[in-house]
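Read the structure below first, then the notes.
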Amino acid sequence: MSQYQSLDAEVLRTFVAIAEQGGFTRAGEVVNRTQSAVSMQMKRLEEDILQRQLFERDGRQVRLTAEGQVLLGYARRILKLHGEVFNTLRMPHMVGVVRIGTPDDYAMRYLPSILTRFAQAYPLIHVEVHCDSSKQLMLRQDLDLTIVTREPGNEVGQLLRQERLVWAAAEGFCPQEQRPMPLALFNTDCFCRGWTCNALERQGIEYRIAYTSPSLAAIFAIVTAGLAVTAQLQSLIGGQLRILGEEDGLPQLHMANVMLLRNDQQHSPITDCMAEYIVEGFK
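For the sequence shown, full-length UniProt numbering begins at 1 and goes up steadily by one.
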């Protein structure tokens, strides 16, 4: 007989709910169990299965111990795989096409991991990826799911992520010494290009748009070579570039919202599944 006891998916689901809700009672409402049933599950998990203290209790509030934090990471991964197994085996009929529209930058940064996990769960679905600016993508009616950048207060769709635009340049590049300051930006359809130029003009900084491209890879190649400064979402900035700020004489830039649009006229179980993977992948 094995010396290890099994980790039941329902127990892990309850554990994750407690971690996310901050208490046994609220977690019970999420997993549809009584508070006493939740307590019994966690007592067995702590004392019999893992023999580790997972929670620090403070009245009705609970916090994870260091061991609990470790388990939380594993539990989320196990539950994700658990769901993928059921999706793949229970829905082998999930075949067809899903069309995704996204700016080039999100395709590079986020889509690889999203599409890898989706392909593992739904290997028979054909995925079309169409890259263009947010402005152009919002005009299209043939896409099932569209990822776009919007200014706060002007959102449409479901919020995936909110973060700030930041300035970036190669190590050793001094923007104060470059006047007019050379910029490498997306083409004129990009929302962020207008925000960037307006911020420089308000601060009276001379600039010139020296390089343009619809490709984030091309822009980063130019900036990494020390030829220009760019402005991109902070999560897109790689290790070869230095983030610049007010200490470098540059103005603070806008917050940007990354939104997911769904085409209600082409709704299907396939698009629902892909939407879930996109939402998870942008967290």
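For each residue, glycine too, the CB sits at the ideal point set by N, CA and C.
What residues in its chain sit with their C-beta under 7 Å from that of residue i, if we drop five residues either side in the sequence?
| i | result |
| --- | --- |
| D104 | C131, P214, S215, L216 |
| L72 | V16, A19, L64 |
| Q41 | V11, T14 |
Would residue i be called buried (16 or more neighbouring beta carbons within 10 Å of its own) or exposed?
| i | result |
| --- | --- |
| N187 | exposed |
| F86 | exposed |
| R63 | exposed |
| M1 | Any reading at M1 must be qualified, since the residue scores a pLDDT of 36, below 50, and its modelled position is unreliable; no value is offered. |
| T116 | exposed |
| P112 | exposed |
| P182 | buried |
| M274 | buried |
| Q61 | exposed |
| residue 284 | The first residue shown for the chain is 1 and the last is 283, placing residue 284 beyond what the model contains. |
Relative to the C-alpha of residue i, which residue among the options is closest?
| i | options | result |
| --- | --- | --- |
| C190 | G68, A256, C174 | A256 |
| L50 | H82, V38, V70 | V70 |
| L227 | S235, M274, E276, E177 | E177 |
| Y74 | T25, S133, A9 | A9 |
| W195 | R150, L241, L139, Q265 | R150 |
| G23 | R52, I209, E56, L143 | E56 |
One question on the structure: do residue i and residue j come within less than 8 Å of each other, judged by their Cβ atoms?
| i | j | result |
| --- | --- | --- |
| V229 | W167 | yes |
| R193 | L185 | yes |
| Q252 | I243 | no |
| G281 | I100 | no |
| T271 | V98 | yes |
| L54 | E47 | no |
| A169 | L241 | yes |
Can you give me the Cβ contacts of residue i inside the same chain, cut-off strictly under 8 Å, excluding the 5 residues immediately before and after it?
| i | result |
| --- | --- |
| L79 | A9, L12, R13, V16 |
How about residue i: is its C-beta nearer than 8 Å to some C-beta of chain B?
| i | result |
| --- | --- |
| L165 | No chain B appears in the structure shown, which is made up of a single protein chain. |
Quick one: residues in its chain with C-beta nearer than 6 Å to the C-beta of residue i, no 5 flanking neighbours on either side, listed in chain order?
| i | result |
| --- | --- |
| Y122 | M94 |
| I219 | A184, S213, T230 |
| L236 | D105, R109 |
**Message:** With a threshold of 8 Å, are at least 3 pairs of Cβ atoms found where one atom belongs to the segment 148–164 and the other to the segment 123–130?
**Reply:** no
**Message:** Could you check whether the segment 28–42 touches the segment 7–15, counting it as contact only if at least three pairs of C-beta atoms, one from each stretch, sit closer than 8 Å?
**Reply:** yes
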